[in-house]
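In the numbering used here, the protein residues as written are 208 to 277.
We put the beta carbon where it would ideally sit given N, CA and C, even for glycine.
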Amino acid sequence: MATSDETKVNDRGSTTIPAEIRDRLDINSGDKIRWTITEDGDLTVEIVKQKTGVFSDFEPASTRPSSSLP
């Protein structure tokens with residue numbers, strides 16, 4: 208089902224993504240939006256999800272030399 212809505216751009220160039228669209232596309236805080244104008248002059252909008260990986264919970268390794276190493 209197609210979804211359409213209109214928003215206004217404020218004087219700083221910002222706009223709000225309507226809640227229905229944010230919910231439907233699972234757009235969350237930290238996600239980025241890529242705006243592209245095609246050669247035909249059409250605007251495409253792509254959601255770039257914030258990346259989290261399997262190592263995001265790991266603590267950084269110590270950079271101090273260990274005294275137990277030879």
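In this structure, residue 214 lies near residue 222, with their beta-carbon atoms less than 7 angstroms apart. CA-to-CA, the gap between residue 256 and residue 218 works out to about 27 angstroms. In the same chain as residue 243, and ignoring 5 residues on each side of it, the C-beta atoms closer than 6 angstroms to its own belong to 251, in chain order. Minimum Cα-Cα distance from residue 254 among the listed residues 225, 235, 220, 226 corresponds to 235. Contact check for residue 238 against residue 225 fails: the beta carbons are separated by 7 angstroms or more. Non-local beta-carbon contacts of residue 231 in its own chain, meaning distances under 7 angstroms to residues more than five positions away in sequence, involve 210 in chain order.
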